[in-house]
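Structure first, then comments.
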Amino acid sequence: MDLSNSKKFGFSFSVKPLFWAILLISVFTMNVSAQVSTDLGIGVGSPDNDNVPRDPDQLIDNIWWVGHSKVGSFLITTPEGHFLMDATSTEEAHDVIENVVKAGFHLRDIKYLINTHAHAEHTGGLAGFKQLLPHAKVITTKETAEQLASGDADEMGNTKFEPVVVDGIIADNESLTLGGVTLVAHHTPGHAKGVTTWSMQVTDKGNVYDVVFMGGMGTPNDEGEPGLLNNELYPNIVSDFEKSFKTLRSLACDVFMTYRALSINLDTKVAMVKQGGNQVNPFVDPQSCKAYIDLYENRYLKQLAEERRAAGMN
Ligand SMILES: [Zn+2]
0 MDLSNSKKFG FSFSVKPLFW AILLISVFTM NVSAQVSTDL GIGVGSPDND NVPRDPDQLI
60 DNIWWVGHSK VGSFLITTPE GHFLMDATST EEAHDVIENV VKAGFHLRDI KYLINTHAHA
120 EHTGGLAGFK QLLPHAKVIT TKETAEQLAS GDADEMGNTK FEPVVVDGII ADNESLTLGG
180 VTLVAHHTPG HAKGVTTWSM QVTDKGNVYD VVFMGGMGTP NDEGEPGLLN NELYPNIVSD
240 FEKSFKTLRS LACDVFMTYR ALSINLDTKV AMVKQGGNQV NPFVDPQSCK AYIDLYENRY
300 LKQLAEERRA AGMN
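Using numbering that gives the first Met the number 0, you'd call the opening residue of the sequence shown number 0 and step up by one each time.
Here you go:
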């Protein structure tokens, strides 16, 4: 799994309705007047820090970070409603909900619940979101839909969450459009069977930029994880990774986004945005798109070579 200290699925079914009822009351009664983040740097800067609540920030154009200090959730706003990408974990989703409200938006305007992949730290909260926002449509890849329905993304062998039935399947290169904003789904499996990398365009200071939300490319290499060769939980993992790296390299990418705050240097860039005076928004960072792909492909190739050597295949 790609988040070693992620919290485990924790609410029993009997507790959850009460949890969400309290949450609803708290969200609709909280003070949402023009709250400005002064928490730059909290929990970020070291991979060892906990994933703690963090105020929302507008990153570029209509893209908001509404997730935590380490693990993200993105709100993509439009005049006709919003997309929410990644629900975070069961225990943490309420912070995302509060952040949407703190950012000045209405929960009822969330029209689409989309995700990067069905691992618990990104998906555990989805069942609660669906309960809270029954009008919002959960749209995923076929593979993610199957994992959500089973409540188990088994390629890592240990990620479980409350099952969710999706409202629609999105094929590779299909798109969702809302309020003039189009999000294109690119299937990039490997890290999970249904990983989706999303792309869209933003406008900043009169310039149009291509945005890529990388869906995750970490390999199963932690102790106890099944690895790349002879992975019985995910027999096609190697061919999927290879196809996905090619797909990622083919995408036009000016603005690099992903759900790891550290990967996108979230707090440094947010501080620069707030300071102002930038000729170009700091999230316009094509070098980091490439660096991300290079980093994960090199790790993948190194692991594959090591596993092949260990199996006497070289
Ligand atoms: Zn994952």
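A virtual CB, placed ideally from N, CA and C, is assigned to each residue, including glycine.
Worksheet item: Val386: which of Ser149, Asp151 and Thr122 sits nearest, CA to CA?
Response: Because residue 386 is not part of the residues shown, which for the chain are 0 to 313, the question remains open.
Discussion item. Can you tell me whether Glu120 sits near ligand 3, meaning its C-beta is under 8 Å from at least one heavy atom of the ligand?
Written reply: Absent from the structure shown: ligand 3. Ligands present: ligand 1.
Item to complete: Just tell me which of Asn229, Val237, Thr218 and Val211 has its CA closest to the CA of Gln286.
Response: As a working mapping, residue 286 is identified with position 287 in the sequence shown. Ranking Asn229, Val237, Thr218 and Val211 by Cα distance to Gln286 puts Val211 first.
Discussion item. I'd like the ranges of any beta strand (DSSP E) spanning at least 3 consecutive residues and lying wholly in the region 73-103.
Written reply: Runs of the beta strand (DSSP E) inside the region 73-103: 73-77 and 80-84.
Practice prompt. For the alpha helix (DSSP H) holding Asn280, just list the boundary residues, first then last.
Written response: Your numbering for residue 280 matches position 281 in the sequence shown. Careful: Asn280 lies outside any alpha helix (DSSP H) and carries neither H nor E.
Worksheet item: Is it buried or exposed for Val269, if we count other Cβ within 10 angstroms and need 16 for buried?
Response: Mapped onto the sequence shown, residue 269 falls at position 270. Within 10 angstroms of the beta-carbon of Val269 lie 16 or more other beta-carbons, which makes it buried.
Fill in: Member of Asn172, Asp49 and Thr195 whose CA lies at the smallest distance from the CA of Met84
Within the sequence shown, numbered from 1, the residue matching residue 84 stands at position 85. Nearest C-alpha to Met84 among Asn172, Asp49 and Thr195: Thr195.
Discussion item. Determine whether the beta carbon atoms of Ala184 and Ala170 lie at a separation below 9 Å.
Written reply: Here residue 184 refers to the residue found at position 185 when the sequence shown is read from its first residue. Here residue 170 refers to the residue found at position 171 when the sequence shown is read from its first residue. Yes, Cβ-Cβ distance for Ala184 and Ala170 is below 9 Å.
Item to complete: Could you check if Arg307 is buried or exposed, using at least 16 other CB atoms within 10 Å of its CB as the buried criterion?
Response: Residue 307 sits at position 308 when you count from the first residue of the sequence shown. With fewer than 16 other beta carbons inside 10 angstroms of its own, Arg307 counts as exposed.
Item to complete: Tell me whether Ala304 is buried or exposed, calling it buried when 16 or more other Cβ atoms sit within 10 Å of its Cβ.
Response: Here residue 304 refers to the residue found at position 305 of the sequence shown. Classification of Ala304: exposed, given that the 10 Å Cβ count is below 16.
Discussion item. Please give me, in chain order, every unbroken run of the alpha helix (DSSP H) with length at least 4 that falls completely inside the region 246-276.
Written reply: The qualifying runs are 265-274.
Discussion item. With H, G and I counted as helix, E and B as strand and the rest as coil, what does DSSP make of Asn206?
Written reply: Here residue 206 refers to the residue found at position 207 when the sequence shown is read from its first residue. Three-state result, Asn206: strand.
Item to complete: Less than 8 Å between the CB atoms is what I'm expecting for Thr139 and Leu147, so what's the real figure, rounded?
Response: On the sequence shown, position 140 is the one that residue 139 refers to. On the sequence shown, position 148 is the one that residue 147 refers to. Going by Cβ atoms, the distance from Thr139 to Leu147 rounds to 7 Å, so yes, they are a contact pair.
Discussion item. Can you give me the C-alpha to C-alpha distance between Pro219 and Leu232, rounded to a whole angstrom?
Written reply: Looking up residue 219 in the sequence shown gives position 220. Looking up residue 232 in the sequence shown gives position 233. Using only the alpha carbons, I get a separation of about 11 Å.
Fill in: From Val279, Glu90 and Ser243, residue whose alpha carbon lies closest to that of Asp253
Looking up residue 253 in the sequence shown gives position 254. Considering only alpha carbons, the answer is Val279.
Worksheet item: So what's His121 in DSSP terms, helix, strand or just coil?
Response: Along the sequence shown, read from residue 1 onward, the residue named residue 121 stands at position 122. Collapsing the DSSP output to three states places His121 in a helix.
Discussion item. Quick check: what's the CA-CA separation for Thr321 versus Ser72?
Written reply: Since the displayed the chain opens at 0 and closes at 313, residue 321 lies outside it and no answer follows.
Worksheet item: What is the DSSP secondary structure of Gly167, reduced to helix, strand or coil?
Response: The sequence position of residue 167 within the sequence shown is 168, counting from 1. Reduced to three states, the DSSP call for Gly167 is strand.
Fill in: Residue range of the unbroken alpha helix (DSSP H) whose run includes Leu147
Counting from 1 along the sequence shown, the entry for residue 147 is found at position 148. Looking at the DSSP string, the run of the alpha helix (DSSP H) that includes Leu147 is Lys141 to Ser149.
Discussion item. For Asp49, count the other beta carbons within 10 Å of its own beta carbon; 16 or more makes it buried, fewer makes it exposed. Which is it?
Written reply: Walking along the sequence shown from the start, residue 49 turns up at place 50. Here Asp49 is exposed. Its C-beta has fewer than 16 other C-beta atoms within 10 Å.
Fill in: Sequence-distant residues of its chain with Cβ nearer than 6 Å to Leu125 (five each side left out)
One-based indexing of the sequence shown puts residue 125 at position 126. Answer for Leu125: Ala86 and Val163, listed in chain order.
Worksheet item: What first and last residue would you give for the beta strand (DSSP E) that runs through Leu112?
Response: In the sequence shown, residue 112 corresponds to position 113, counting from 1. Bounds of the beta strand (DSSP E) holding Leu112 are Ile109 to Ile113.
Fill in: Host beta strand (DSSP E) of His67 (start-end)
In the sequence shown, the residue the question calls residue 67 occupies position 68. Careful: His67 lies outside any beta strand (DSSP E) and carries neither H nor E.
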